[in-house]
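Just so we're aligned, residue 1 is where the sequence shown starts under the UniProt record's numbering, counting upward by one. Glycine included, C-beta positions come from ideal geometry on N, C-alpha and C. A quick note: this is a predicted structure, and the numbers were derived from the prediction, not measured.
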Amino acid sequence: MKFDCEIKIIGNEKEAFCHMVDLMKDIGFSLFDHNGVIVSLVFDGDHNVAQWNVPKNEMLDKRPRDLTCLNKGSIDDFYRDIGNGCLKNIQFWRELGHNLFVTWQVKDSYVLYEIGLDGWNKEESIQIVSGMVRFILEFYKGARDLDNVFSLSTE
Numbered sequence: 001m002k003f004d005c006e007i008k009i010i011g012n013e014k015e016a017f018c019h020m021v022d023l024m025k026d027i028g029f030s031l032f033d034h035n036g037v038i039v040s041l042v043f044d045g046d047h048n049v050a051q052w053n054v055p056k057n058e059m060l061d062k063r064p065r066d067l068t069c070l071n072k073g074s075i076d077d078f079y080r081d082i083g084n085g086c087l088k089n090i091q092f093w094r095e096l097g098h099n100l101f102v103t104w105q106v107k108d109s110y111v112l113y114e115i116g117l118d119g120w121n122k123e124e125s126i127q128i129v130s131g132m133v134r135f136i137l138e139f140y141k142g143a144r145d146l147d148n149v150f151s152l153s154t155e
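Listed below in structure tokens is the structure:
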């Protein structure tokens, strides 16, 4: 059975993404893989991978192509790509081969994140979802009239 979580985070795309990074840190995930690389799938007619090798201040692609909306370089450039709407997914890493694929849709006053739990066993999934719920409860403490801020669905 496949599980997906949806999380609503208020704010613009960059602000919401920073909160998502905080959430992932709280549950043991990093924006960087074991090589210090940020990984996103870029849909340019194909499913290609864009990688930001931030420590070396460069972006590597598995196949050269013209993606005018992507900035190469620093973490600030990466966040600029988040804010300009060029990126719509990212992988968060726990260890080699263990990542969460996160996609998002920008709405009027919030960003809706979808997190796939494919490849995680029952205990790991419970730990991940529990951490998400804990973060959401703290993040929205005192908030009113937000409708659904977290959901778990199956396929």
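{"Query": "Inter-stretch contact at 8 Å, needing at least 3 Cβ pairs: the segment 137 to 146 / the segment 29 to 41", "Result": "no"}
{"Query": "Alpha-carbon spacing of asparagine 53 relative to histidine 34, whole angstroms", "Result": "Interpretation of asparagine 53 is limited by its pLDDT of 49, a score under 50 that renders its predicted location unreliable; the figure taken from the coordinates is listed afterwards. So the two alpha carbons sit approximately 11 Å from each other."}
{"Query": "Alpha-carbon to alpha-carbon, glutamate 123 and tyrosine 113", "Result": "22 Å"}
{"Query": "Where glutamate 58 falls, given that 16 or more other Cβ within 10 Å makes a residue buried", "Result": "For glutamate 58, the pLDDT reaches just 43, beneath the cut-off of 50, and the residue's location in the model is therefore unreliable, although a value from the coordinates is still provided. Glutamate 58 should be labelled exposed."}
{"Query": "Strand pairing of cysteine 5, partner residues [DSSP]", "Result": "Ile115 and Leu152"}
{"Query": "Three-state secondary structure (DSSP) of arginine 134", "Result": "helix"}
{"Query": "Same chain only: Cβ atoms within 7 Å of serine 30, ignoring 5 sequence neighbours per side", "Result": "Phe92 and Trp93"}
{"Query": "Per DSSP, cross-strand counterpart(s) of tyrosine 140", "Result": "Paired residues: none, contrary to the question."}
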